[in-house]
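Colleague:
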Amino acid sequence: MINLLQSSPKNSLAAVLFLTLSLAACGGAYGSRSPAPVPRSLSIKPSTAVEAVGETRQFSAQVTFSDSTTRDVTSQVVWVSSPSAVATITKSGGLGSALAPGDATVSASFTASGASVAASAVLHVARGASIQSIEVSPGTNPLELGASQQFAATATLADGNTEDVTRRAAWTTSDPGVLRVNTAAGRVGLANTRGPGSATISAVVEGVSGSAPVRVVRRVAKFMYVAGPFGIDGYAVSPADGSLTSVRSARFASGEVSSLTITRDRKFLYAADVALGAIWAFQIGADGGLVQIPNSPFPTTANSSPISLLTHPAADLLFMTNFDTGEITTFTIGSDGAISPHAPVSFIGSQPLSGTTTQDGKFLYQAVQDGGSATIAGFSIGSSGAIQPLSGGRIIAGPSPKVLTVDPSSHFLYATIAGSTEDMPSAFSGYAIDHVSGLLTPIKGSPFANAENPIATAIDASGRFLYVVDSGQATDENVVSAFSIDPGSGALSPIPGASLPVSPLTQSIAIDPSAQFAYVGLSGTQGIRAFKIDQNTGALTEISGSPFVDRGDVTAMALTY
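In structure tokens form, the structure reads like this:
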């Protein structure tokens, strides 16, 4: 080693130059090194396995990093099997042991560079007796378009016993345009409605088949409620042509409504008033009229600006996002429509924007504009309504994720991104939702190009089409863009010729529960533009009588049936 202190000035300078050049050849100062890649997703192989009692099965795990590299991490992940009475698995190594008949969920989690990813697979433990017949249930009952149904397959064995073979069955449907059945781990046998009509759903195990008939029917839209700085207005929706007729008893003056939501039983409507810092509550009458709930509006916290309201799709719960405090509060909804804070408040960061839940009620996602770091925060929803942050951290979603939307199957989440620079144009970002962990993985091709300022988005009840309204600076930039959604990957494809100029400035969009009509809220007193959706192409055609007059900026919309 050269001793710089003992060498001559000339030698010292040469040594310094040598050391500097050596550091440069190695990549310069340590602070300029690229950050370590972050794990983005985890996969388990096999995703589904069948073993008889007493047998073993080796599972493997592979992680994909943010730089698109992959690595086998079978010996590095933490393995868990549940229920352990059915199968166990070595905590490190991934060797599963079949103990008793039934289905076990094999899970693995991996953490590196401050981020965690998780995945799961299914180990079906069989009795060993041959299958004589299979029954698929439920059957014959009609499903409403937009709903999902978990089907079960029950095998009758040669020894007279029965066995649940749902998760080991090969599922098919006679008409994917009516019903699409899932085969991915964690969703096996879960069917999503795609269009009205009849289909047969079938399950095959060891060459033995069982089936059940399924009929999908449209929901019939009844009422639409719109809101903004003027308060709330209500309209009756014609099921024949989608035209709107004002419901006078649904007109209500309030401070400034930023969000509307309707309960799962369609009995109550809630409105977030950012001016008053309160939540208005109404009972929805048979004629669409609104009756104010006693003690409404319900106060929230001090310095409150409720920016987003969500009702739980399967429970009597209401979630409120507070723009001022950066918190989410869970309220319990009483039988009379009154609300009361229930679960602990969850802090999510400053400037939260819109939120959404999955249709199965398992996860909640919230857009957060925290200074220069715009993210999507994910939470699991407990049975009590308490929310817990997902273990994988947050997704960085561009300069401003304004609106979040989940498709009816709960497979995909989409975020509108309003661009602020030439390097970060406006776009749609799409993410696949892990059914078990709730973690988000970018969809291939995301972000998807879009116009100048996407401000709102909606997905039809069939899950086939996605619409976004852009509110640009120029009249010709105010458009409704239409995309088709790939049911397998969630990728978006622009529908040729379906982008439609809309004037004046657009504010919001909603689609009726029958998936036949789309409504666009406009600025000022220009009202509501109404369109018929082509069921084959997704293209929009304006209906007779549109636009329908309203009192002011239509910034929030909600429909019921």
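Here the sequence shown is numbered in the numbering used here, starting from 40 and rising by one per residue.
Built from N, CA and C at the ideal position, the CB exists for glycine as well.
None of the values given here were measured: they were computed from a predicted structure.
Which value, in whole angstroms, describes the spacing of the CA atoms of aspartate 363 and glutamine 408?
Modeller: Answer to the nearest angstrom: the Cα atoms are 12 angstroms apart.
Colleague: Run through DSSP, which three-state label would threonine 444 get?
Modeller: Strand at threonine 444.
Colleague: Buried or exposed for leucine 56, going by 16 or more other Cβ atoms inside 10 Å?
Modeller: Residue confidence for leucine 56 is low, a pLDDT of 26 falling below 50, so the modelled location carries little weight; the figure read from the coordinates is stated next. It counts as exposed.
Colleague: Alpha carbon to alpha carbon, what distance is there between aspartate 198 and glycine 394?
Modeller: For glycine 394 and aspartate 198, the distance between alpha carbons rounds to 52 angstroms.
Colleague: So, are the CB atoms of alanine 75 and alanine 151 less than 9 angstroms apart?
Modeller: In contact: alanine 75 and alanine 151 (Cβ atoms closer than 9 angstroms).
Colleague: Are leucine 218 and valine 255 touching if we call contact CB-CB under 9 angstroms?
Modeller: Cβ atoms of leucine 218 and valine 255: closer than 9 angstroms.
Colleague: Could you pull the start and end residues of the beta strand (DSSP E) that isoleucine 494 belongs to?
Modeller: 493 to 498 is the span of the beta strand (DSSP E), which, as asked, contains isoleucine 494.
Colleague: Thinking C-beta only, is serine 120 closer than 9 angstroms to glycine 135?
Modeller: Cβ atoms of glycine 135 and serine 120: closer than 9 angstroms.
Colleague: Quick check: what's the CA-CA separation for alanine 157 versus threonine 480?
Modeller: The alpha-carbon atoms of alanine 157 and threonine 480 are separated by roughly 11 angstroms.
Colleague: Do proline 215 and proline 526 have their C-beta atoms closer together than 9 angstroms?
Modeller: Cβ distance < 9 angstroms, so proline 215 and proline 526 count as in contact.
Colleague: I need the straight-line Cα distance from isoleucine 170 to glutamate 245, nearest angstrom please.
Modeller: About 7 angstroms.
Colleague: Is the beta carbon of lysine 571 sitting closer than 9 angstroms to the one on glutamine 555?
Modeller: Yes; because the gap between Cβ atoms is below 9 angstroms, this pair is in contact.
Colleague: List the endpoints of the continuous beta strand (DSSP E) containing arginine 79.
Modeller: Taken as a continuous stretch (DSSP letters only), the beta strand (DSSP E) holding arginine 79 covers 78 to 84.
Colleague: Sorted by chain position, which residues of the same chain lie with C-beta nearer than 7 angstroms to serine 344's C-beta, five sequence neighbours on each side aside?
Modeller: Excluding residues within five positions, the ones whose Cβ falls inside 7 angstroms are Val313, Gly316, Asn361, Phe362 and Asp363.
Colleague: Tell me which residue opens and which closes the beta strand (DSSP E) that lysine 571 is part of.
Modeller: 567 to 572 is the extent of the beta strand (DSSP E) around lysine 571.
Colleague: Near glutamine 97, which residues of its chain fall below 7 angstroms by C-beta distance, leaving aside the five closest residues on each side in sequence?
Modeller: The residues are Gly133 and Leu134.
Colleague: Whose CA, out of Thr594, Gly167 and Asp375, lies closest to the CA of asparagine 200?
Modeller: Out of Thr594, Gly167 and Asp375, Gly167 has the C-alpha closest to the C-alpha of asparagine 200.
Colleague: According to the Cβ coordinates, are alanine 400 and glutamine 322 closer than 9 angstroms?
Modeller: Note that residue 400 is glycine in the sequence shown here, rather than alanine. Not a contact, by the Cβ cut-off of 9 angstroms.
Colleague: Within the continuous beta strand (DSSP E) that includes valine 227, where are the two ends?
Modeller: From DSSP, valine 227 is part of no beta strand (DSSP E); its letter is neither H nor E.
Colleague: For isoleucine 128, tell me which candidate among Ser374, Thr108, Leu162 and Gln101 has the shortest Cα-Cα distance.
Modeller: Cα-wise, what sits closest to isoleucine 128 is Leu162.
Colleague: Taking buried to mean at least 16 other C-beta atoms within 10 Å of its own C-beta, is glycine 373 buried or exposed?
Modeller: Under this definition glycine 373 is an exposed residue.
Colleague: Counting along the chain, where does the beta strand (DSSP E) carrying serine 532 start and finish?
Modeller: Run containing serine 532: 531 to 533, per the beta strand (DSSP E) assignment.
Colleague: Using the C-alpha atoms, what's the distance from glutamine 398 back to valine 445?
Modeller: Distance between the alpha carbons of valine 445 and glutamine 398: 8 angstroms.
Colleague: Should serine 237 be listed as close to the ligand PLP, given that the test is whether its C-beta is under 8 angstroms from any heavy atom?
Modeller: Here there are no bound small molecules, and the ligand PLP is not part of this structure.
Colleague: Can you list, in chain order, the residues of its chain with a C-beta nearer than 7 angstroms to that of valine 116? Leave out the 5 residues immediately preceding and following it.
Modeller: Taken in chain order, the residues that qualify are Ala100, Ala147, Ser148 and Phe149.
Colleague: Can you grab the Cα-Cα spacing for the pair serine 583 / glycine 477, in whole Å?
Modeller: For serine 583 and glycine 477, the distance between alpha carbons rounds to 43 angstroms.
Colleague: List the residues that DSSP assigns as beta-bridge partners of proline 181.
Modeller: Looking at the DSSP assignment, proline 181 forms a beta bridge with Arg254.
Colleague: Give me the residue from Gly236, Thr193, Val164 and Lys130 with the minimum Cα distance to leucine 182.
Modeller: Of the candidates Gly236, Thr193, Val164 and Lys130, the one whose C-alpha sits nearest the C-alpha of leucine 182 is Gly236.
Colleague: Would DSSP call threonine 108 helix, strand or coil?
Modeller: In the structure shown, threonine 108 sits in coil (DSSP, three-state: anything other than H, G, I, E or B).
Colleague: Could you compute how far the alpha carbon of alanine 194 sits from the alpha carbon of serine 159?
Modeller: Each residue's Cα considered, the two are about 24 angstroms apart.
Colleague: DSSP state of arginine 287, grouped into three classes?
Modeller: Strand.
Colleague: Helix, strand or coil for threonine 576 per DSSP?
Modeller: Coil, per DSSP.
Colleague: How should arginine 305 be labelled, buried or exposed, when 16 other C-beta atoms within 10 angstroms of its C-beta is the threshold for buried?
Modeller: Arginine 305 comes out exposed.
Colleague: Considering Cα atoms alone, identify which of Leu403, Phe337, Pro336 and Arg287 is closest to isoleucine 367.
Modeller: Checking every option, the nearest Cα to that of isoleucine 367 belongs to Leu403.
Colleague: Please return the same chain residues whose Cβ sits closer than 8 angstroms to the Cβ of phenylalanine 262, not counting the five positions on each side in sequence.
Modeller: Answer for phenylalanine 262: Gly273, Tyr274, Ala275, Val276, Val286, Ala289, Ile323, Gly327, Leu598 and Thr599, listed in chain order.
Colleague: How close, in whole Å, do the beta carbons of phenylalanine 504 and isoleucine 482 come, if the pair is a contact with beta carbons under 8 angstroms?
Modeller: At roughly 16 angstroms, the Cβ-Cβ gap does not stay under 8 angstroms, so phenylalanine 504 and isoleucine 482 are not in contact.
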